[in-house]
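In the numbering used here, the protein residues as written are 46 to 211. Below: one structure, written as structure tokens.
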Ligand SMILES: [Fe+2]
Ligand SMILES: [Fe+2]
């Protein structure tokens, strides 16, 4: 895609986010399946629902911009998910692997938070306020998911992993 204007850049960024969401939608069921902790599994299952809603919002954003919904392969998402593979198929103590999956998921959330944050700033600058509002709803879900992962790591999952090391 030729990037001539900031509008083009916004479309390109939303295409990238759509790709990231599609990739994580595929990964989340595997993450839920691999997780030993019920809390972690539940967090991933909830985030699957968030992700479906986020994909719908991105599709709406394309409509508002009169663009067809298409994804542009997100290399960062691919890399972040590839790092998670070590823990999903990993050999080792289940609690330690869970702490690894939690941290990989946290990295993914931070990537999404950054991606939505910059697309929102761009949309506001371009007066695409409806697009910005849609993206803000998703940003809020990403933040909530990230906080949930942090609280799981603090309350339990990582304690269990510490015990495994003793
Ligand atoms: Fe997401
Ligand atoms: Fe997310």
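The beta-carbon is built from N, C-alpha and C at its ideal position, and this holds for glycine as well.
| Query | Result |
| --- | --- |
| Proximity of residue 173 and residue 63 at Cβ, strictly below 8 Å | no |
| Under the three-state DSSP convention, the category residue 195 falls into | helix |
| N-terminal and C-terminal residue of the alpha helix (DSSP H) that residue 143 is part of | 139 to 170 |
| Residue interval of the alpha helix (DSSP H) (run including residue 64) | 51 to 79 |
| Residue 109: first and last residue of the uninterrupted alpha helix (DSSP H) it sits in | 83 to 109 |
| Whole-number beta carbon distance between residue 80 and residue 157, since they are thought to touch under 8 Å | Not quite, the Cβ-Cβ distance comes to about 19 Å (not below 8 Å), so this is no contact. |
| Buried or exposed (CB count within 10 angstroms, at least 16 for buried), residue 118 | exposed |
| Residue 60 CB to nearest heavy atom of ligand 1 below 7 Å | no |
| Minimum C-alpha distance to residue 96 - residue among 125, 68, 168 | 68 |
| Best match in 151, 147, 48, 141 for proximity to residue 188 [C-alpha to C-alpha] | 151 |
| Euclidean distance between Cα positions of residue 184 and residue 162 | 7 Å |
| N-terminal and C-terminal residue of the alpha helix (DSSP H) that residue 124 is part of | 120 to 133 |
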